[in-house]
Amino acid sequence: MMNVIVWIMIIVGGAAGLLSTLYLVLMMPILLVWKIYRKVKYHIPLYE
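In my numbering, the protein residues as written are 317 to 364.
Spelled out as structure tokens, the structure:
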């Protein structure tokens with residue numbers, strides 16, 4: 317029974333790590349493009 321609980325914890329932890337990594341990898345370029353677009357179109361500073 318303990319082995320099943322350990323496997324469930326491993327799967328849940330791996331899924332959490334995978335999802336957070338995918339979120340960061342996808343959102344960083346999207347955020348950068350969005351900020352550059354706002355700077356070009358609306359003349360808003362990049363750091364605001």
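Glycine included, C-beta positions come from ideal geometry on N, C-alpha and C.
Rounded to the nearest whole angstrom, the CA to CA distance from L347 to I326 is 31 Å.
For I360, no alpha helix (DSSP H) run applies, since DSSP gives it neither H nor E.
For the set G333, I321, L362, A332, the Cα lying nearest the Cα of V349 is the one of L362.
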